[in-house]
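Note that numbering that gives the first Met the number 0 numbers the sequence shown so that position 73 is 72, with each residue one more than the last.
Yeah, the Cβ is synthetic: ideal placement off N, Cα and C, and Gly gets one too.
One structure is given below, encoded as structure tokens.
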Amino acid sequence: MDRATEIEYCRNVFETLFKREPKFLRVIDLQDCEEWKIHTNLRIHIRQFCDMLSDVIKHLNDPQLCLNSIREFGSSYASEPSPEGCSSSPRPHVPSAFWETFIFALNNAAKDMQVETSSRSSEVSNFKV
Numbered sequence: 000m001d002r003a004t005e006i007e008y009c010r011n012v013f014e015t016l017f018k019r020e021p022k023f024l025r026v027i028d029l030q031d032c033e034e035w036k037i038h039t040n041l042r043i044h045i046r047q048f049c050d051m052l053s054d055v056i057k058h059l060n061d062p063q064l065c066l067n068s069i070r071e072f073g074s075s076y077a078s079e080p081s082p083e084g085c086s087s088s089p090r091p092h093v094p095s096a097f098w099e100t101f102i103f104a105l106n107n108a109a110k111d112m113q114v115e116t117s118s119r120s121s122e123v124s125n126f127k128v
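What follows is the structure, given as structure tokens:
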């Protein structure tokens, strides 16, 4: 997967998550932000998720390394303080429903990517004929 596709996939995951459950925007301190889709905080979370996803893909043959990357990503939500410029308190508790919705968003983004890839393959096949 090229980096642009990876970033688009990760963006789709977060946008699906926050469209489905806007209350979870408080997890990344964007609960009062109308323009959350273009906010720097969202880009930071997308990049962190992309980095973790790249590590997992790179180490698919080593489940322990994959698990460590996923755990590190998840634990950052429990331990990171709020981003600079926001409240100085630690992040609020991340409810399990956040992760359940995150998993839904992962599956949804993967299906979207599969449909898009399938459509492109069909277009290429039709073009060659």
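If contacts are defined as beta-carbon pairs under 8 Å, then residue i and residue j qualify, I think. What distance do you get, rounded to the angstrom?
i: N40; j: A108; result: Incorrect: roughly 19 Å between the Cβ atoms, too far for contact.
Only counting the same chain, and skipping five residues up and downstream in sequence, which positions put a Cβ closer than 7 Å to that of residue i?
i: T100; result: L16, R19, E20 and F23
i: L29; result: W35, H38, N40 and L41
i: E7; result: none
Counting only the same chain and skipping the five closest in sequence on each side, list residues whose C-beta sits under 8 Å from that of residue i.
i: E5; result: C49, L52 and S53
i: L59; result: C65
Which first and last residues belong to the alpha helix (DSSP H) in which residue i is found?
i: K196; result: A question about residue 196 goes unanswered here, because the residues of the chain that appear run from 0 up to 128.
i: K18; result: R2 to R19
Is the beta carbon of residue j closer than 8 Å to that of residue i?
i: Q47; j: F72; result: yes
i: I45; j: F13; result: yes
i: V55; j: I69; result: yes
Short of 6 Å in beta carbon distance, which residues of its chain neighbour residue i, apart from the five on each side in sequence? Order them along the chain.
i: S118; result: none
i: A77; result: none
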